[in-house]
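K.L.:
Got a structure for you, written out below as structure tokens; questions coming shortly.
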Amino acid sequence: MKNRKWDENKTNGVLVCLLLTFLVSLPLFTDFLLAGTDLPYQLLRIEALKDGLRESGILLWAKPNWIEPKGFSFAFFYGDTFLYIPALFRLAGLHVQMSYRIFLVLINALTAFGAYAAFRKIFLDDATGLLGSALYTMSIYRVFLLYAEAELGEVLALAFLPFALAGICMVLRQKDKDSRYAWVWLSLGLSGILRSHILSFAITVLSVFVLSAIYFKRLNNSAVWRQIGLCAAAFLLWNLNYLYGILQYIRVGGFVINPVSGVPIQERGVQIVQLFMGFYQAGGNYEFGTQGVSGAAPVGLGLVFLVIIMAFCYLVFVYGDAFEKEEKKKGFAALGIGLAACFLGTLCFPWDSILKWSGLISSLVSMIQSPWHFLQTALLAFTVSGCLTYQMTKKKYGDFYGKIYGLGLAGCGCFCASYLAANLLFYYDFVRVETGEELWVPLAGEGKEVPLPVLASGLQLNGADGIWYALTAVSILAFAGCVVFILRDRQKQ
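Have a look at this one:
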């Protein structure tokens, strides 16, 4: 009977995650692509990687067909580990437009199933895991990044962010038997984020330190430090080739990089009203500080997360005695981190004043480019809040009303995200890349400043060396060894 129940829960989880993948991927079932801001760049990354694979091998310090005649390495400025998937589709003969669409569907599936697995581990409940997956996968912010921005790097990072959170929670919990695998979840999440989006990795590391400060008392435990040590070792082993590639690329030659120090970013922070709106529409205005919200890009989190915040405050301040201290602490931690991340993402935060402090700080702040990137942390934190309020509602009002509340949250999130997707389809620009059509390539004439970093040495491309291949083998073997160890360990139980 227990196995049958487990099978039913597993089947329900798979079906719901497939439904979420289908819903969030609906704009991809067309014969065109929405003209996201970075779409030409992403398509060219795929094409350049495909050409590079044909010409020089697996790893390229710099890509051909990019800022002629020198090339540009987004292998390290922008991690392209996962772009080998659409590049291989291209080598197999698929059109670049079809390769890109299939890749986005795979990312959506990874996000839906990964978020379900992660939140299920965090809250030790299947239904809560499904709610977390629905809120996270069908969020306004993800739809914005997917279609209005075509921000592949950050979308990929969002797919791995729940893994990192699950790992942290399991490290700090150290109660259930699966906690001994916490290092796997954390190192897998951090590795995926590192290889997807450097800025997201930096934001994630900052969030890890904040969580560690909140739960610093739990760090006084040898089991916790053992998990941290295993995570650090696994992270280094799994990313040896990537880290070596960065060092080697830096060693090959200097860079011509446009200075970013002193570039103001505060006006690109969102207005507070944009955070929790019910309906978002297509728009191209990103200068929210100077142009307001007229024709604004659909950057925000959505109404459902405002409902979650209000529900948590109601439950805690009205029926606080009905809940344990630990439950309320988790809720306040998630709420505080989410609101702090929202504040960092708005134009209310004094970014332009901070960048005047020193040259180093000015460079670091300017590299953020758009403060709304911090909304990824707010999205994850408020999703945790939604899962917590669902469990608190069940505890206070019973399982029936808890399910109604959970379905209401999921329905609200799915409806708002679907509305934005439909609005983008109807009113956003679109492109069709015809077979044989040349993709846009930024060119730099002799002696002119190029728009992106390039090798100053004039090197166009350089295949991976023997050391990189050896380190890649070590990374693959280390990852495979971890998988085999876990499978054997679970079989013994």
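Numbering follows this note's numbering, with no gaps: position 389 of the sequence shown is 387. Backbone N, C-alpha and C fix where the C-beta goes; we use that ideal spot for every residue, glycine too.
1. Go to Cys346, then tell me how far its alpha helix (DSSP H) extends in each direction, as first and last residue.
2. Residue range of the alpha helix (DSSP H) that Ala468 falls in?
3. On the premise that Leu31 lies in contact with Val429, defined as a C-beta separation below 8 Å, what is that separation, rounded to the nearest angstrom?
4. Three or more C-beta pairs closer than 8 Å, one from the segment 464 to 474 and one from the segment 239 to 247: is that the case here?
5. Can you give, in chain order, each stretch of the alpha helix (DSSP H) that sits fully within the segment 271 to 342 and has at least 4 residues?
6. On the CB-based measure, 16 or more other CB atoms within 10 Å of its CB, does Arg533 come out buried or exposed?
7. In angstroms, rounded to a whole number, what distance separates the CA positions of Lys490 and Tyr179?
8. Among all the DSSP beta bridges, which residues are the ones paired with Val268?
9. Do Ser383 and Ala332 count as a contact pair if the criterion is CB distance below 7 Å?
10. Name the residue from Leu170, Gly300, Ile166 whose alpha carbon lies nearest to the alpha carbon of Leu184.
11. Go to Met365, then tell me how far its alpha helix (DSSP H) extends in each direction, as first and last residue.
12. Is the beta carbon of Ala379 closer than 7 Å to that of Gly318?
13. Cα-Cα, which of Arg216, Glu265, Ile201, Asp427 is closest to Ser351?
14. Which residue's Cα is closest to the Cα of Phe483: Thr126, Glu324, Gly50, Val182?
15. Spatial neighbours of Asn283 within its chain, please: CB distance less than 7 Å, with the 5 preceding and 5 following residues excluded, ordered by chain position.
16. Secondary structure at Val382, three-state DSSP: helix, strand or coil?
17. Need the endpoints of the alpha helix (DSSP H) that Met168 sits in, please.
18. Apart from the five residues on each side of it in sequence, which residues of its chain come closer than 6 Å, Cβ to Cβ, to Gly276?
19. For Leu31, which of helix, strand or coil comes out of DSSP?
20. Count the CB pairs spanning the segment 96 to 111 and the segment 148 to 158 that are closer than 8 Å, and state whether there are at least three.
21. Run the CB neighbour count on Ile270, radius 10 Å, all protein chains shown included, and call it buried at 16 or more, exposed below.
22. Helix, strand or coil for Leu441, going by three-state DSSP, please let me know.
23. Give me the Cα-Cα distance between Ile27 and Leu422, rounded to the nearest whole angstrom.
24. Run the CB neighbour count on Leu24, radius 10 Å, all protein chains shown included, and call it buried at 16 or more, exposed below.
25. At which residues does the alpha helix (DSSP H) containing Ile100 begin and terminate?
26. Alpha carbons only, please: which of Leu273, Ile226, Leu42, Met168 is nearest the one belonging to Tyr98?
27. Where does Val203 sit, in a helix, a strand or coil, going by DSSP?
28. Is it the case that the Cβ atoms of Asp36 and Glu149 are separated by a distance below 7 Å?
29. In whole angstroms, what separates the C-alpha of Phe207 from that of Asp123?
30. Exposed or buried, which one is Cys229 when buried takes at least 16 other CB atoms within 10 Å?
31. Within a Cβ cutoff of 7 Å, which residues of the same chain sit near Thr381, ignoring the five residues on either side of it in sequence?
32. Considering only DSSP beta bridges, list what Phe428 is partnered with.
33. Look at Gly404 and Tyr426 and say whether their C-beta atoms are less than 7 Å apart.
34. Restricting to Cα atoms, I'd like to know which of Val305, His93, Leu362, Cys346 is closest to Cys414.
35. Grab me the residues of Leu81's own chain with a C-beta within less than 7 Å of its C-beta, minus the 5 sequence neighbours each way, in chain order.
36. Give me the Cα-Cα distance between Phe424 and Val141, rounded to the nearest whole angstrom.
P.N.:
On the basis of the coordinates in this document:
1. Neither: Cys346 is in no alpha helix (DSSP H) and is coded neither H nor E.
2. 464 to 490
3. 6 Å
4. yes
5. 286 to 289, 301 to 317
6. A question about residue 533 goes unanswered here, because the residues of the chain that appear run from -1 up to 491.
7. 15 Å
8. Thr344
9. yes
10. Ile166
11. 357 to 366
12. no
13. Glu265
14. Val182
15. Gln289, Ser292, Gly293, Ala294, Ala295
16. helix
17. 150 to 171
18. Leu301
19. strand
20. yes
21. exposed
22. Low confidence applies here, because Leu441 scores a pLDDT of 43, under 50, leaving its location unreliable and the question unanswered by this model.
23. Note on identity: in this sequence residue 27 is Phe, with Ile being the wrong assignment. If I take the Cα positions, the gap works out to 14 Å.
24. exposed
25. 94 to 121
26. Leu42
27. helix
28. yes
29. 27 Å
30. buried
31. Gly130, Leu133, Tyr134
32. Leu32
33. no
34. Val305
35. Arg43, Ile44, Leu47
36. 15 Å
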